[in-house]
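Student:
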Amino acid sequence: MTAPTKKPRYSVVVPVYNTGDSLRDLVARLQSVFTNTIKASFEIILVDDGSVEERTKALLNDLARQDGVMVVRLTRNFGKPGAVLCGLGASRGDWVITIDDDLQQSPEDIPLLIAHEQHDTVTATHAHKQHTVSQRMTSWIKARFDKAMLGYQVKLSPLKLIRRHVVDGMLAIKTNRPFIPALIRQVTNDVVGVPSEHHKSAQGHSRYSLTRRWGQFSDLLVGNSNFLMQVFTRLGFVVAALSFALAMVVIVRKLLDIPTQAGWSSLMVAILLIGGLNLAAIGITGQYFIRLLDITSKKPAFVIRERLGAPDSDQTHSGD
Ligand code: UDP
Ligand code: MG
Numbered sequence: 521m522t523a524p525t526k527k528p529r530y531s532v533v534v535p536v537y538n539t540g541d542s543l544r545d546l547v548a549r550l551q552s553v554f555t556n557t558i559k560a561s562f563e564i565i566l567v568d569d570g571s572v573e574e575r576t577k578a579l580l581n582d583l584a585r586q587d588g589v590m591v592v593r594l595t596r597n598f599g600k601p602g603a604v605l606c607g608l609g610a611s612r613g614d615w616v617i618t619i620d621d622d623l624q625q626s627p628e629d630i631p632l633l634i635a636h637e638q639h640d641t642v643t644a645t646h647a648h649k650q651h652t653v654s655q656r657m658t659s660w661i662k663a664r665f666d667k668a669m670l671g672y673q674v675k676l677s678p679l680k681l682i683r684r685h686v687v688d689g690m691l692a693i694k695t696n697r698p699f700i701p702a703l704i705r706q707v708t709n710d711v712v713g714v715p716s717e718h719h720k721s722a723q724g725h726s727r728y729s730l731t732r733r734w735g736q737f738s739d740l741l742v743g744n745s746n747f748l749m750q751v752f753t754r755l756g757f758v759v760a761a762l763s764f765a766l767a768m769v770v771i772v773r774k775l776l777d778i779p780t781q782a783g784w785s786s787l788m789v790a791i792l793l794i795g796g797l798n799l800a801a802i803g804i805t806g807q808y809f810i811r812l813l814d815i816t817s818k819k820p821a822f823v824i825r826e827r828l829g830a831p832d833s834d835q836t837h838s839g840d
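Adding 520 to a residue's 1-based position in the sequence shown gives its number in my numbering.
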């Protein structure tokens, strides 16, 4: 790539892994959309996530010769979120667009997202996905968790438009198990969706097996949320409350002189109480761990959207 000196308005980040010739189409269609429809400066960043296929490497070497196309090659396969994060780090545009390499989202839909540029992040949303049954199942579960754990009101797609200060906030967070939707939510809730069509993968198959999908999901569950800890804490308090209720029953029965089998009730009260308090204690300890994790990963205490009437300076703060 002949390094453009001026900062482009848009950066397109594409994670690439053992891709087919459709990548050439994707790049051509992106170039056409930005040149003919959007008419704005752009750069395309192809992040090779450790592809092992020789034809992918050759294809990328070839594409890198084009103006405005940059290839960043990772040392090994890190998984899509790492590749996307790397692309965000290499990007220079005022806006970053993320899109998959297999044409499941149309580059021609990018102007639809750009029409909502007053928001911090705009995502395409797909009412119907060209997915297999197992993909449908995992993406249904993931969508539920995106909503419950991250508070998203829209269903996310890999095709997103993200404002520069959100990208900078995301990059300020140190994590080796990134989960892009969680990083976005650390910085902003101003995320809107734009309906868009989902196409069959030009690749013909997913590069994510069920096991890898589960791995990503557990990164969300354990690495990017306190969901499990919350469950344990609540469960603990419920069990402790149960033991209290049972203790009340035992006392009332004693007071009313109702005969009970000796020892059973008090034993149950003790077991439930100890069990409940244990669970609650584990949950609370976990809450401290999650907070420590937030500090070590430098999750920002705030990110400034804009300053009015003052010179611009540091945009994030990680609380240290
Ligand atoms: N991808 C990646 N690293 C991987 C697997 C996939 O960067 O280890 C990229 C891939 O090149 C594509 C995107 O992630 O741009 C989505 O992959 P795929 O289309 O295989 O998954 P699906 O559409 O089934 O979610
Ligand atoms: Mg795909």
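For glycine and all other residues, C-beta sits at the position ideal for the given N, C-alpha and C.
Would the C-beta of S726 count as close to the ligand UDP, meaning under 7 angstroms from any of its heavy atoms?
Tutor: Correct: S726 has its Cβ closer than 7 angstroms to the ligand UDP.
Student: Alpha carbons only, please: which of G689, R697, S786 is nearest the one belonging to N709?
Tutor: Closest by alpha carbon: G689.
Student: Can P631 and T557 be called in contact, C-beta distance under 8 angstroms?
Tutor: Contact: yes.
Student: Under a Cβ-count criterion, where at least 16 other Cβ atoms within 10 Å of its own Cβ denotes burial, should E826 be classed as buried or exposed?
Tutor: The residue in question, E826, is exposed, as its Cβ has fewer than 16 Cβ neighbours within 10 Å.
Student: Using the Cα positions of Y530 and L755, report the straight-line distance between them to the nearest angstrom.
Tutor: Cα to Cα, the separation comes out at about 47 angstroms.
Student: Helix, strand or coil for L740, going by three-state DSSP, please let me know.
Tutor: Looking at L740 - three-state DSSP - the assignment turns out to be helix.
Student: Identify, in the order they occur along the chain, each residue of the same chain with its Cβ nearer than 6 angstroms to the Cβ of K527, setting aside the five sequence neighbours on each side.
Tutor: Same-chain partners within the cutoff: R612.
Student: Just the C-alpha distance for F757 and R811, rounded to the nearest angstrom, thanks.
Tutor: Spanning the two alpha carbons is a distance of roughly 21 angstroms.
Student: Along the chain, which unbroken stretches of the alpha helix (DSSP H) at least 4 residues long are found entirely within the segment 764-828?
Tutor: Runs of the alpha helix (DSSP H) inside the segment 764-828: 784-816.
Student: Comparing alpha-carbon positions, which option in Y672, F822, V674, D620 lies nearest K720?
Tutor: If we check each option's Cα against that of K720, D620 comes out closest.
Student: Identify every run of the alpha helix (DSSP H) within the segment 583-632, keeping only runs that are complete inside it and at least 4 residues long; order them along the chain.
Tutor: Complete alpha helix (DSSP H) runs here, min 4: 600-610.
Student: Please report the straight-line C-alpha distance between V772 and L792, rounded to a whole angstrom.
Tutor: Computed Cα separation, rounded: 18 angstroms.
Student: Is any heavy atom of the ligand UDP found at a distance shorter than 7 angstroms from the C-beta of K600?
Tutor: Yes, the Cβ of K600 comes within 7 angstroms of a heavy atom of the ligand UDP.
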